[in-house]
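Enquirer: Handing you this structure, nothing more for now.
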Amino acid sequence: MSSSENNGGMDTQDRISSLPDEILCHILSFLSTYDSFATSFVSKRWQPLWLFSAILHLDDQTFIRNGRSYTSFFNFAYGTLFKCRMHQPITVARFLLSPRTCGYGSDFPYPLFKIWVSTVVQRGVQQLFIEIPRALEVPNIIWNCKTLVVLKLYRMSVDAFVKVHLPVLKTLHLDFLFVSKSKYLAEILHGCPVLEDFRAYHIFLDNKLDGVEFRTMPKLVRADLKVDYVFEFPLKVVSNVEHFRFFLKV
Numbered sequence: 001m002s003s004s005e006n007n008g009g010m011d012t013q014d015r016i017s018s019l020p021d022e023i024l025c026h027i028l029s030f031l032s033t034y035d036s037f038a039t040s041f042v043s044k045r046w047q048p049l050w051l052f053s054a055i056l057h058l059d060d061q062t063f064i065r066n067g068r069s070y071t072s073f074f075n076f077a078y079g080t081l082f083k084c085r086m087h088q089p090i091t092v093a094r095f096l097l098s099p100r101t102c103g104y105g106s107d108f109p110y111p112l113f114k115i116w117v118s119t120v121v122q123r124g125v126q127q128l129f130i131e132i133p134r135a136l137e138v139p140n141i142i143w144n145c146k147t148l149v150v151l152k153l154y155r156m157s158v159d160a161f162v163k164v165h166l167p168v169l170k171t172l173h174l175d176f177l178f179v180s181k182s183k184y185l186a187e188i189l190h191g192c193p194v195l196e197d198f199r200a201y202h203i204f205l206d207n208k209l210d211g212v213e214f215r216t217m218p219k220l221v222r223a224d225l226k227v228d229y230v231f232e233f234p235l236k237v238v239s240n241v242e243h244f245r246f247f248l249k250v
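Residues 1 to 250 (UniProt numbering) are what the sequence shown spells out, left to right.
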């Protein structure tokens with residue numbers, strides 16, 4: 001008697017597991033790295049697949065939902081980066097951290113976070129997404145990543161001057177970025193010679209633009225700005241774009 005006859009005509013054959021590794025890894029790419037790791041318990045067929053992915057998606061919400069501590073989250077991140085997938089290239093990296101993990105005291109292991117970022121940069125990351133509920137300083141190594149094509153930062157800060165060189169960056173989204181001096185923003189934009197897509201939502205910086213040189217960005221195609229009325233954005237930067245959206249909060 002067939003398996004379908006034993007189950008009232010329902011076909012219980014595991015067709016997904018019979019798919020090629022490439023397709024299964026593509027399916028796993030839509031999950032967080034922790035959820036992807038959890039599939040390794042499904043069967044022996046699935047055990048190694050999460051290790052082959054070139055996408056790193058560390059989202060602490062997958063731990064919080066299960067009532068686990070932020071320490072277990074950092075331990076998992078460490079094991080993933082430096083043990084299980086130590087030599088695996090990473091093309092896409094997402095770091096999504098909640099207030100519970102980051103905290104608002106001195107217990108957040110920022111040096112460890114910098115090591116995460118440094119590791120994905122050294123492994124040739126092309127797309128980097130960081131979303132944090134507090135204004136942590138952007139690790140300097142990001143500003144000199146020669147492989148970055150897409151960079152999206154949410155609620156971070158730039159507190160010191162750094163030479164920026166992002167030769168292939170085409171998409172830059174900065175949301176709630178705290179910049180201590182206007183010249184630092186100018187340096188960031190100057191260091192992106194082929195930038196095509198720029199979004200700036202609520203950038204907080206020194207409003208004194210006198211003496212700060214902002215250049216027109218020749219490759220820029222799309223610009224999306226959302227600013228407060230107290231912030232004087234250098235519109236010269238986006239003067240030649242094809243698609244421009246501007247929101248002024250008063």
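A virtual CB, placed ideally from N, CA and C, is assigned to each residue, including glycine.
Quick caveat: nothing in here was measured; it's all calculated off a predicted structure.
(1) Is the Cβ-Cβ distance between ASN144 and HIS165 less than 7 Å?
(2) If you run the structure through DSSP and keep just helix, strand and coil, what is PHE178?
(3) Straight-line CA distance for LEU49 to THR147?
(4) Please report how far the alpha carbon of LEU205 lies from the alpha carbon of PRO193, in whole angstroms.
(5) Look at VAL168 and ALA186 and say whether their C-beta atoms are less than 7 Å apart.
(6) Can you give me the C-alpha to C-alpha distance between ALA135 and LEU96, rounded to a whole angstrom?
(7) Around the Cβ of SER157, are there at least 16 other Cβ atoms within 10 angstroms (buried) or fewer (exposed)?
(8) Name the residue from PRO109, ARG245 and GLY124 whose alpha carbon lies nearest to the alpha carbon of THR91.
(9) Do you know offhand how far TYR201's Cα is from GLU131's?
(10) I believe ILE203 touches LEU235 by the beta-carbon criterion, under 8 Å. Please report the beta-carbon distance rounded to the nearest angstrom.
(11) Decide if LEU19 is buried, meaning its Cβ has at least 16 other Cβ atoms within 10 Å, or exposed.
(12) Give the list of continuous beta strand (DSSP E) stretches no shorter than 3 residues that lie fully inside the stretch 67-153.
(13) Among ASP159, SER72 and GLY191, which has the Cα closest to the Cα of VAL138?
(14) Which residue or residues does DSSP assign as beta-bridge partners of PHE247?
(15) Measuring alpha carbon to alpha carbon, tell me which of GLN127, TYR110 and VAL121 ends up nearest ILE142.
(16) Please determine, among ARG199, GLU242, THR216 and SER239, the residue with the shortest C-alpha to C-alpha distance to VAL227.
(17) With DSSP as the reference, label THR216 as helix, strand or coil.
(18) Less than 6 Å separating the Cβ of PHE73 from some heavy atom of the ligand GTP?
(19) According to DSSP, is ILE16 part of a helix, a strand, or is it coil?
(20) With H, G and I counted as helix, E and B as strand and the rest as coil, what does DSSP make of TRP58?
(21) If we count the other Cβ atoms within 10 Å of its Cβ and call it buried at 16 or more, is ILE55 buried or exposed?
Expert: With the given structure in hand:
(1) Along the sequence shown, read from residue 1 onward, the residue named residue 144 stands at position 144. Along the sequence shown, read from residue 1 onward, the residue named residue 165 stands at position 165. A contact, by the Cβ cut-off of 7 Å.
(2) Numbered from its first residue, the sequence shown carries residue 178 at position 178. Looking at PHE178 - three-state DSSP - the assignment turns out to be strand.
(3) Residue mapping note: residue 49 aligns to position 49 of the sequence shown, counting from 1. Residue mapping note: residue 147 aligns to position 147 of the sequence shown, counting from 1. For LEU49 and THR147, the distance between alpha carbons rounds to 25 Å.
(4) Indexing the sequence shown from 1 puts residue 205 at position 205. Indexing the sequence shown from 1 puts residue 193 at position 193. LEU205 and PRO193: Cα-Cα distance of roughly 22 Å.
(5) As a working mapping, residue 168 is identified with position 168 in the sequence shown. As a working mapping, residue 186 is identified with position 186 in the sequence shown. No, the Cβ-Cβ distance between VAL168 and ALA186 is not below 7 Å.
(6) Residue mapping note: residue 135 aligns to position 135 of the sequence shown, counting from 1. Residue mapping note: residue 96 aligns to position 96 of the sequence shown, counting from 1. In a straight line, the C-alpha of ALA135 is about 14 Å away from that of LEU96.
(7) Locating residue 157 in the sequence shown gives position 157, counting from the first residue. Its Cβ being crowded by 16 or more others within 10 Å, SER157 is buried.
(8) As a position in the sequence shown, residue 91 is number 91, starting the count at 1. Measuring from the Cα of THR91, the nearest candidate turns out to be GLY124.
(9) One-based indexing of the sequence shown puts residue 201 at position 201. One-based indexing of the sequence shown puts residue 131 at position 131. TYR201 and GLU131: Cα-Cα distance of roughly 14 Å.
(10) Position 203 of the sequence shown holds residue 203. Position 235 of the sequence shown holds residue 235. The Cβ separation is near 13 Å, so there is no contact.
(11) Here residue 19 corresponds to residue number 19 of the sequence shown, with the count starting at 1. The residue in question, LEU19, is exposed, as its Cβ has fewer than 16 Cβ neighbours within 10 Å.
(12) 92-96 and 127-137
(13) In the sequence shown, counting from the first residue as 1, residue 138 sits at position 138. Comparing Cα-Cα distances from VAL138 to each of ASP159, SER72 and GLY191, the minimum goes to ASP159.
(14) Start at 1 with the first residue of the sequence shown, and residue 247 comes out as number 247. Paired residue(s): LYS226.
(15) Looking up residue 142 in the sequence shown gives position 142. When each option's Cα is compared against that of ILE142, the closest is VAL121.
(16) For this step, residue 227 is matched to residue 227 along the sequence shown. The residue with the shortest Cα to Cα distance from VAL227 is ARG199.
(17) The residue labelled residue 216 in the question sits at position 216 within the sequence shown. In this structure, THR216 counts as coil in the three-state DSSP scheme.
(18) Looking at this structure, you won't find the ligand GTP or any other ligand, since it has none at all.
(19) Position 16 of the sequence shown holds residue 16. It is helical.
(20) Within the sequence shown, the letter at position 58 stands for residue 58. It is Leu, not Trp, that sits at residue 58 in the sequence shown. Correct three-state label for LEU58: strand.
(21) Taking the sequence shown and counting its residues from 1, the one referred to as residue 55 is at position 55. Classification of ILE55: buried, given that the 10 Å Cβ count is 16 or more.
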